[in-house]
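Enquirer: Structure incoming, see below.
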Amino acid sequence: MSDRARFRSPSAKAAAARASRASRASRGDDSAGPAARAPRPSAGFAVALRTPARAAEPLFAQAPKAWQRMLPYVVTAVCVLSLLPITIVVLTNDYRAGGGWAGALGVAQTVPLLLAVTRPVAAWGMVLFADTVGAAVLTQADQAAGHAWPWTPMVIIGYLVLMACLGLRESIRTLVGVWLVTGVTGALLSAFHPDGTTNTVALLFVLAGVVLALTGALRGLGDARQRVAEQESISEAERSRRTLLEERARIARELHDVVAHHMSVITVQADSAPYRLPGMAEPVREEFAAIAASARESLGEMRRLLTVLRGDEANGRDLAPQPGLGKLQHLVEATVRAGQPVELSLAAGAAEAAPPAVDLSAYRIVQEALANVVRHAPGAPTRVSVTFDADEVLVLVVNGPARDAVVALETSGTGHGLVGMRERVRLTGGTLDTGPLPDGGFRVAARLPLLPPNETDEDAS
Numbered sequence: 000m001s002d003r004a005r006f007r008s009p010s011a012k013a014a015a016a017r018a019s020r021a022s023r024a025s026r027g028d029d030s031a032g033p034a035a036r037a038p039r040p041s042a043g044f045a046v047a048l049r050t051p052a053r054a055a056e057p058l059f060a061q062a063p064k065a066w067q068r069m070l071p072y073v074v075t076a077v078c079v080l081s082l083l084p085i086t087i088v089v090l091t092n093d094y095r096a097g098g099g100w101a102g103a104l105g106v107a108q109t110v111p112l113l114l115a116v117t118r119p120v121a122a123w124g125m126v127l128f129a130d131t132v133g134a135a136v137l138t139q140a141d142q143a144a145g146h147a148w149p150w151t152p153m154v155i156i157g158y159l160v161l162m163a164c165l166g167l168r169e170s171i172r173t174l175v176g177v178w179l180v181t182g183v184t185g186a187l188l189s190a191f192h193p194d195g196t197t198n199t200v201a202l203l204f205v206l207a208g209v210v211l212a213l214t215g216a217l218r219g220l221g222d223a224r225q226r227v228a229e230q231e232s233i234s235e236a237e238r239s240r241r242t243l244l245e246e247r248a249r250i251a252r253e254l255h256d257v258v259a260h261h262m263s264v265i266t267v268q269a270d271s272a273p274y275r276l277p278g279m280a281e282p283v284r285e286e287f288a289a290i291a292a293s294a295r296e297s298l299g300e301m302r303r304l305l306t307v308l309r310g311d312e313a314n315g316r317d318l319a320p321q322p323g324l325g326k327l328q329h330l331v332e333a334t335v336r337a338g339q340p341v342e343l344s345l346a347a348g349a350a351e352a353a354p355p356a357v358d359l360s361a362y363r364i365v366q367e368a369l370a371n372v373v374r375h376a377p378g379a380p381t382r383v384s385v386t387f388d389a390d391e392v393l394v395l396v397v398n399g400p401a402r403d404a405v406v407a408l409e410t411s412g413t414g415h416g417l418v419g420m421r422e423r424v425r426l427t428g429g430t431l432d433t434g435p436l437p438d439g440g441f442r443v444a445a446r447l448p449l450l451p452p453n454e455t456d457e458d459a460s
């Protein structure tokens, strides 16, 4: 037979008015029903714009999608296929530069753009050299007058594409150097300016600066967003690690009280044995004295360890007796008074059958589970069941969905709930199963063995 106590709150509707299913997205590991975070739309864009990690790594090599990684190759290939024939035709027909020179300049000024995806600085050096040679060749062209010089329209377009590749790839110092070299080269060529031509030195200098500034800013934005994402990942990992350590320290503090009680009993029994059992032989007295001394030494070591674990948190609350399954009814009553409808089913004799570590762990698991329900699903009907057999204690906490999707009671959870449950279950060698239910509720099920894992294995063998 089981002792069953049922409690229902008359103020459940008032508490449910403050509930919010929407808060589950922000609860993480401490929620009554965790939800995955939706990725930000700008995340893929930031990754695509990130500066390549290695010298020969292509532009957009870290982009998440295949079409994004292929985009630089497609753009440069289209530019080369478009500019190459146009350059040859314009130089031949408009400038009268000759077919041989037109073909050679067309190839030299456009084909290196394909290299800009992986090695833009090398491509820039080849293109700038070819453009400078082309400007010198055009000074001797038959019909250069009336046309752009030293940079033809095709040269300007190809150069700006190259500047975009540089801006998305190289450092600010490199971009400033490229821009200044472009201006100096144009200024030197201006000294040989043919009569009747349109000087395009200033035009290319200004446009190149604008493209370098814009693409460099975009690249910097991508780097900054990626660094922020990495820092967030590091911070989340550190937070999880800190939470785990805090929970382990808390469990260690609580288990200290349990173990210290038994060690104190051993000390008292060993010290009082000679008085309770008169006529004891001297070797036996010495043996009891050694037992008492070892127990006192162990207690001293435990107190020193506890002082380190508690730190600044030591207060009167830590000295209170640790609760167990016998206190579950009081815990449920307090939860009901807070406005949460809870039913408790506690098997008779469970508190006496459970060893101290299991007794404390079972109580804390129920406490954490009810706290999560109150925090994240106020007003939801909840059932707590504790049963046991010869091998284990089964703790089951099941809550239904929150009655209304309104403002949550608390949205600043520390994420300690499920972490603490897992640590307690791991400590006792049990298992923990948690997860959402189809109707929107949540379930916490813990199996805690009554015997330590090593003893259980020995009995089975």
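Residue numbers for the sequence shown follow numbering that gives the first Met the number 0, so the first one is 0 and each next one is one higher. Every residue, glycine too, gets a C-beta built ideally from N, C-alpha and C. Computed from a predicted structure; not experimentally measured.
1) Ordered along the chain, which non-local residues of its own chain (more than five positions away) have a Cβ less than 7 Å from that of Gly467?
2) Counting beta carbon pairs with one atom in the segment 106 to 125 and one in the segment 168 to 175, are three or more of them shorter than 8 Å?
3) Enumerate in chain order the residues of its own chain whose CB-to-CB distance from Gln67 is below 7 Å, with the five nearest sequence positions on each side excluded.
4) Look at the alpha carbon of Leu330 and the alpha carbon of Arg275, and state the distance between them as a whole number of angstroms.
5) Does Leu449 come out as helix, strand or coil in the three-state DSSP assignment?
6) Where Ala135 and Pro149 are concerned, what is the direct C-alpha to C-alpha distance, given to the nearest angstrom?
7) Roughly how many whole angstroms lie between the Cα atoms of Phe441 and Leu369?
8) Which residue from Val205, Arg446 and Thr151 puts its Cα closest to that of Val175?
9) Between the alpha carbons of Ala349 and Gly338, how many angstroms are there, rounded?
10) From this set, Glu237, Gly378 and Asn371, which residue's C-alpha is nearest Val396's C-alpha?
11) Who are Arg382's beta bridge partners in DSSP?
12) Which residues in the same chain have their Cβ closer than 6 Å to the Cβ of Ala101, if we skip the five residues on either side of it in sequence?
13) Grab the span of the beta strand (DSSP E) containing Pro435 for me, first residue to last.
14) Assign Arg442 to one of three DSSP states: helix, strand, or coil.
15) Does the segment 209 to 224 come close enough to the segment 245 to 253 that 3 or more CB-CB pairs lie under 8 Å?
16) Put Asn197 into one of helix, strand or coil per three-state DSSP.
17) Assuming contact is defined by CB atoms lying nearer than 7 Å, are Leu82 and Met162 in contact in what I supplied?
18) Beta-carbon within less than 7 Å of Thr427's beta-carbon, same chain only, minus the 5 sequence neighbours each way: which residues are those?
19) Taking the alpha carbon of Leu113 as the point to measure from, which residue in Gly157, Gly133 and Thr131 has its own alpha carbon closest?
20) Grouping DSSP H, G and I as helix and E and B as strand, with all else coil, what is Glu56?
21) Considering just the uninterrupted stretch of the alpha helix (DSSP H) at Gly182, what are its terminal residues?
22) Where Glu543 and Leu298 are concerned, what is the direct C-alpha to C-alpha distance, given to the nearest angstrom?
23) Smallest Cα separation from Leu203: which of Ile155, Val160, Cys164 and Arg241?
24) If you measure between the beta carbons of Val385 and Ala445, is that distance less than 7 Å?
25) Compare the Cα-Cα distances from Ser344 to each of Ala379, Ser263, Gly378 and Phe387 and report the closest residue.
26) From this set, Thr266, Asn198 and Gly419, which residue's C-alpha is nearest Ala289's C-alpha?
27) For Pro84, tell me which candidate among Thr75, Pro377 and Gly105 has the shortest Cα-Cα distance.
28) So, helix, strand or coil for Ala147, using DSSP?
29) Are the beta-carbon atoms of Pro400 and Asp432 separated by less than 7 Å?
30) Could you tell me which of Gly278, Ala207 and Ala292 sits nearest to Trp123, measuring between CA atoms?
Expert: The structure says:
1) Outside the shown range of the chain, which is 0 to 460, sits residue 467, and nothing can be said about it.
2) Enough Cβ pairs lie closer than 8 Å, so yes.
3) Counting only Cβ-Cβ distances below 7 Å, and skipping sequence neighbours, we find Ala47 and Phe59.
4) Between Leu330 and Arg275, the C-alpha separation is close to 41 Å.
5) Reduced to three states, the DSSP call for Leu449 is coil.
6) For Ala135 and Pro149, the distance between alpha carbons rounds to 8 Å.
7) In this model, Phe441 and Leu369 are separated by some 11 Å (Cα to Cα).
8) The shortest C-alpha separation from Val175 is found at Val205.
9) If you take the alpha carbons of Ala349 and Gly338, they lie about 27 Å apart.
10) Among Glu237, Gly378 and Asn371, the Cα nearest to that of Val396 is on Asn371.
11) Answer is Glu342 and Val397.
12) These residues qualify, in order along the chain: Ile87, Leu90 and Thr91.
13) Where Pro435 is concerned, the enclosing beta strand (DSSP E) stretches over Thr430 to Pro435.
14) DSSP places Arg442 in strand when its eight states are reduced to three.
15) With a cut-off of 8 Å, the segment 209 to 224 and the segment 245 to 253 do not count as touching, because too few Cβ pairs lie within range.
16) Residue 197 is actually Thr in this sequence, not Asn. Under the three-state reduction of DSSP, Thr197 is assigned to strand.
17) No; because the gap between Cβ atoms is not below 7 Å, this pair is not in contact.
18) Exclusion of the five residues before and after Thr427 leaves Ala356, Val357, Ser360, Leu447 and Pro448 as the residues of its chain whose Cβ lies within less than 7 Å of its Cβ.
19) Taking only the C-alpha atoms, the option nearest Leu113 is Gly157.
20) Glu56 sits in coil when the DSSP states are folded into three classes, being neither helix nor strand.
21) Its alpha helix (DSSP H) spans residues Ile171 to Ser189.
22) Lying before the first or after the last residue shown, residue 543 is absent from the chain, which here runs from 0 to 460.
23) Comparing Cα positions, the closest option is Ile155.
24) No, the pair does not count as a contact, with Cβ atoms beyond the cut-off.
25) The candidate whose alpha carbon is nearest that of Ser344 is Phe387.
26) That would be Thr266, whose Cα lies nearest to the Cα of Ala289.
27) The shortest C-alpha separation from Pro84 is found at Gly105.
28) Three-state DSSP puts Ala147 in a strand.
29) Remark: C-beta atoms of Pro400 and Asp432 do not approach each other more closely than 7 Å.
30) Just measuring C-alpha positions, the residue of Gly278, Ala207 and Ala292 sitting nearest Trp123 is Ala207.
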